[in-house]
Amino acid sequence: MVLRGDSALERTELARERTVLAWQRNRLSELTVLLGITGVGIVVSRFYPEYLFLGGSVVFLALLGMAYTAHRYLSLKEYCKKKNGINKN
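What follows is the structure, encoded as structure tokens:
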């Protein structure tokens, strides 16, 4: 829906904001999935001692993925703050 007085620049800026928010939501969804995978690895290593190495490997890889995803999420947030002038020191 386009209101009167809206310029193409304003619509473009709103589209960019929606894109950034969707990107951040996707990163949070990735973190949720990786947290679930970490839980599965912990359960496997706790209740199935014969698969201790497998459970530990799953936990390690999931935590590695979480760290990478969190880094991407936080770096984009900082970029957006600097771009919008929110993070002025």
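Residue numbers for the sequence shown follow this note's numbering, beginning at 185 and rising by one.
For each residue, glycine too, the CB sits at the ideal point set by N, CA and C.
Fair warning: this is a prediction, and the values are worked out from it, not measured in the lab.
Item: Can you give me the start and stop residues for the alpha helix (DSSP H) that residue 191 sits inside?; Value: Looking at the DSSP string, residue 191 is not in any alpha helix (DSSP H), and its letter there is neither H nor E.
Item: With H, G and I counted as helix, E and B as strand and the rest as coil, what does DSSP make of residue 252?; Value: helix
Item: Can at least three beta-carbon pairs, one atom from the segment 217 to 229 and one from the segment 238 to 246, be found at a separation below 8 Å?; Value: yes
Item: Looking at C-alpha atoms only, which residue of 205, 249, 255 and 193 is the closest neighbour of residue 217?; Value: 249
Item: Assign residue 232 to one of three DSSP states: helix, strand, or coil.; Value: coil
Item: Do residue 260 and residue 211 have their CB atoms nearer than 9 Å?; Value: yes
Item: Compute the Euclidean distance between the alpha carbons of residue 230 and residue 214, then round it to the nearest angstrom.; Value: 24 Å
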